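There are 2 protein chains.
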Amino acid sequence: MEIKVNQGILSSNERTALENKKVFDENGLFVINIMGSPGAGKTTVLEKTIDILVNSVKLGVIEGDIYTSKDAQRIEKHGVPVKQINTGGACHLDAGMVSKVLTDFRLSEIELLVIENVGNLVCPVEFNLGEDIKIAVLSITEGDDKPMKYPLIFRESRAVILNKVDLIDFTDVDMNSLRTDIKRINPKIEIFEVSARTGQGINEWSRWLLEKVKDKNVKNAVN
Amino acid sequence: MEIKVNQGILSSNERTALENKKVFDENGLFVINIMGSPGAGKTTVLEKTIDILVNSVKLGVIEGDIYTSKDAQRIEKHGVPVKQINTGGACHLDAGMVSKVLTDFRLSEIELLVIENVGNLVCPVEFNLGEDIKIAVLSITEGDDKPMKYPLIFRESRAVILNKVDLIDFTDVDMNSLRTDIKRINPKIEIFEVSARTGQGINEWSRWLLEKVKDKNVKNAVN
Chain A
13 MEIKVNQGIL SSNERTALEN KKVFDENGLF VINIMGSPGA GKTTVLEKTI
63 DILVNSVKLG VIEGDIYTSK DAQRIEKHGV PVKQINTGGA CHLDAGMVSK
113 VLTDFRLSEI ELLVIENVGN LVCPVEFNLG EDIKIAVLSI TEGDDKPMKY
163 PLIFRESRAV ILNKVDLIDF TDVDMNSLRT DIKRINPKIE IFEVSARTGQ
213 GINEWSRWLL EKVKDKNVKN AVN
Chain B
13 MEIKVNQGIL SSNERTALEN KKVFDENGLF VINIMGSPGA GKTTVLEKTI
63 DILVNSVKLG VIEGDIYTSK DAQRIEKHGV PVKQINTGGA CHLDAGMVSK
113 VLTDFRLSEI ELLVIENVGN LVCPVEFNLG EDIKIAVLSI TEGDDKPMKY
163 PLIFRESRAV ILNKVDLIDF TDVDMNSLRT DIKRINPKIE IFEVSARTGQ
213 GINEWSRWLL EKVKDKNVKN AVN
């Protein structure tokens with residue numbers, strides 16, 4: 013006999029996500045959940061973003077990976093507190109995994125917590141972690157058909173970083189079609205064209221993110 | 013109350029996979045399950061492979077996708093029978109989904125059935141479909157750290173196609189390190205360096221695949 017309990021599992025995750033959100037809000041933390049395919053460039057974008065923001069905002073990072081701590085080691089070199097979560101096989105982080113590592117941070121000393129999810133364009137988006145916003149990273153080398161094929165991540169994200177635009181001339185990607193499809197799925201989404209490798213567009217994206225962090229801080233101060 | 017039934021679900025899939033395998037064997041079909049990240053180039057590799065093999069072997073294709081039939085439409089243009097499976101959200105095909113579309117094919121008229129799985133480096137590998145071999149497609153633009161981060165797909169695959177090698181000079185990828193890590197995970201795996209865009213390496217990979225198909229046909233004839 014098989015018993016389908018997907019609904020129950022999701023609700024349990026949703027409850028823990030709300031508890032995480034409460035902890036984040038009480039500590040005045042702005043939290044982003046970065047999602048994207050393996051190799052979209054999530055960690056490299058994050059490294060470049062940290063280098064720009066590190067003097068303006070107090071950062072913390074949670075790295076999600078199935079088995080290794082390669083990404084956490086890369087982030088550590090940039091001098092920000094980082095904790096690794098290994099899912100041991102699971103294709104996404106869940107709110108409970110995030111909850112468990114929160115005690116490892118001095119949360120009151122952090123203003124922006126970045127959670128880099130497991131590399132996957134499908135599963136992570138279905139599991140809220142308590143974050144303020146979701147961010148999608150898509151490498152343009154993945155092809156311009158991806159938004160229509162994997163719409164949920166674009167529907168749920170507040171911004172999408174189109175990475176590796178330095179490779180545009182060597183691909184058959186139609187950037188207009190890519191942007192149009194993304195906006196069709198989510199008209200309110202912000203689109204940043206970026207090359208984490210050359211640094212192109214990283215400033216613009218980082219400024220936008222910094223404004224979101226400050227907005228939340230202002231709101232917290234008023235309340 | 014939550015009841016964990018993962019084990020039961022896997023076993024049920026395994027049972028259906030064995031039933032599929034029996035149908036494939038009875039019809040003398042060689043079946044491959046192609047897996048890889050979104051945008052690794054699975055469909056483009058398949059299109060180029062079909063063009064080479066179409067006169068040597070009778071082909072059929074099953075396209076797995078979450079919502080769209082974009083890939084099936086691309087394959088259809090190459091004049092081979094193709095069926096689309098939409099998972100409606102799930103991040104992988106399972107044996108039951110494949111079983112349901114098998115009756116849409118004239119199986120006795122097919123020698124090579126290609127199943128292109130949902131774009132995902134994690135979930136598909138855990139669900140056998142009844143295939144003879146699994147094939148991994150990894151775009152080199154995804155980075156040389158991917159095998160150690162997502163080892164299971166490389167452990168379970170009989171061959172890996174390293175696609176988009178025409179972009180190698182525009183990335184920081186270390187091909188030696190990439191090959192070494194893959195061989196460390198699976199010493200018996202075949203590695204093909206390919207550019208589906210330029211056609212580089214497609215011949216070599218297609219010849220290898222054709223030999224596998226013929227091997228199975230010979231065995232069937234002997235038994």
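Read top to bottom, the protein sequences are chains A and B. Under the numbering used here, the first residue of the first sequence carries the number 13, and numbering increases by one thereafter. Under the numbering used here, the first residue of the second sequence carries the number 13, and numbering increases by one thereafter. From the three backbone atoms N, C-alpha and C, an ideal C-beta is built for every residue, glycine too. Note that the structure is a prediction, hence the values are computed from the model and not measured.
Start-to-end residues for the beta strand (DSSP E) that takes in residue i
| i | result |
| --- | --- |
| Leu-114 of chain A | From DSSP, Leu-114 of chain A is part of no beta strand (DSSP E) but of the alpha helix (DSSP H) over 107-114. |
| Glu-121 of chain B | Element bounds for Glu-121 of chain B: n/a, residue is neither H nor E. |
Residues near residue i in its chain [Cβ-Cβ closer than 8 Å; skip 5 each side]
| i | result |
| --- | --- |
| Val-17 of chain A | Any reading at Val-17 of chain A must be qualified, since the residue scores a pLDDT of 49, below 50, and its modelled position is unreliable; the value itself is stated next. Result list for Val-17 of chain A: empty, nothing under 8 Å. |
| Gly-100 of chain B | Ile-78, Tyr-79 |
| Glu-59 of chain A | Arg-86, Ile-87, His-90, Ala-208 |
| Ile-152 of chain A | Leu-174, Asn-175, Lys-176, Val-177, Leu-179, Ile-180, Thr-183, Val-185, Met-187, Leu-190 |
| Val-94 of chain B | Gly-72, Val-73, Ile-74, Glu-75, Ala-84, Ile-87, Glu-88 |
| Glu-154 of chain A | Ser-49, Ala-52 |
| Met-160 of chain B | Asp-193, Ile-197 |
| Val-134 of chain B | Cys-103, Tyr-162, Leu-164, Ile-165 |
| Thr-92 of chain B | The sequence given here has Val at residue 92 of chain B, not Thr. Ile-62, Val-66, Leu-71, Gly-72, Val-73. |
| Ile-147 of chain A | Ile-44, Asn-45, Ile-46, Met-47, Ser-169, Arg-170, Ala-171, Val-172, Ile-173 |
Same chain, Cβ closer than 6 Å to residue i, neighbours up to 5 away in sequence not counted
| i | result |
| --- | --- |
| Arg-170 of chain A | Ile-145 |
| Thr-61 of chain B | Ser-218 |
| Gln-96 of chain A | Glu-75, Ser-81, Ala-84 |
| Asp-156 of chain A | Val-185, Asp-186, Ser-189, Leu-190 |
| Thr-56 of chain B | Ala-208 |
| Lys-54 of chain B | Ile-46, Gly-48, Glu-128, Val-149 |
| Gly-213 of chain B | Phe-204, Glu-205, Val-206 |
| Phe-139 of chain A | Asn-25, His-104, Asp-106 |
| Leu-124 of chain A | Phe-42, Val-69, Leu-71, Val-225 |
Beta-carbon proximity list for residue i, same chain, < 7 Å, skipping 5 on both sides
| i | result |
| --- | --- |
| Tyr-136 of chain B | Strictly speaking, residue 136 of chain B in this sequence is Pro, with Tyr absent from that position. Answer for Pro-136 of chain B: Met-47, His-104, Leu-105, Asn-129, Val-130, listed in chain order. |
| Met-13 of chain A | With a pLDDT of 42 at Met-13 of chain A, under the threshold of 50, the modelled position of that residue is not reliable, and no figure is offered here. |
| Leu-222 of chain A | Leu-65, Ser-68, Val-69 |
| Gly-63 of chain B | Sequence inspection shows Asp at residue 63 of chain B; the Gly mentioned does not correspond to that position. Contacts found: His-90. |
| Thr-28 of chain B | Ala-107, Gly-108, Ser-111 |
| Arg-167 of chain B | Ile-197, Asn-198 |
| Asn-229 of chain A | Gly-40, Glu-123 |
| Leu-141 of chain B | Ala-29, Asn-32, Asn-45, Leu-105, Ala-107, Val-110, Ile-127 |
| Asn-98 of chain B | Asp-77, Ile-78, Tyr-79 |
| Glu-216 of chain A | Phe-204 |
| Glu-121 of chain A | Lys-70 |
| Gly-211 of chain A | Lys-60 |
Legend entry - Sequence ranges, alpha helix (DSSP H) only - wholly within the segment 146-204 of chain B, length at least 4: 158-161, 163-168, 187-197
Inset, instruction - Kindly provide the ranges of any alpha helix (DSSP H) runs that are 4 or more residues long and lie completely inside the segment 24-101 of chain A, ordered along the chain. - result: 54-65, 82-88
Legend entry - Members of the segment 43-61 of chain A that neighbour chain B once the beta carbon cut-off is set at 7 Å: Within the segment 43-61 of chain A, those residues whose Cβ lies closer than 7 Å to any Cβ of chain B are, in chain order, Ser-49, Pro-50, Gly-51.
Inset, instruction - Scan the segment 149-162 of chain B for residues whose Cβ lies nearer than 7 Å to a Cβ of chain A and list them as they occur along the chain. - result: Ser-151, Thr-153, Glu-154, Gly-155, Asp-157, Lys-158, Met-160, Lys-161, Tyr-162
Legend entry - Inter-stretch contact (C-beta, 8 Å, three-pair minimum) for the segment 186-205 of chain B and the segment 171-183 of chain A: no
Legend entry - Where the segment 112-130 of chain A meets chain B: residues whose CB sits under 8 Å from a CB there: Val-130
Inset, instruction - Determine, using beta-carbon pairs with one atom in the segment 106-124 of chain A and one in the segment 113-126 of chain B, whether at least three such pairs fall under 8 Å. - result: no
Legend entry - Interface residues of the segment 60-82 of chain A facing chain B [CB-CB below 8 Å]: Asp-77, Ile-78, Tyr-79, Thr-80, Lys-82
Inset, instruction - Output, in sequence order along the chain, the residues in the segment 132-147 of chain B whose CB is closer than 7 Å to any CB in chain A. - result: Taking 7 Å as the Cβ-Cβ cut-off against chain A, the residues of the segment 132-147 of chain B that qualify are Asn-132, Leu-133, Val-134, Cys-135.
Legend entry - Cβ-based contacts, 8 Å cut-off: residues of the segment 171-182 of chain B near chain A: Lys-176, Asp-178, Leu-179, Phe-182
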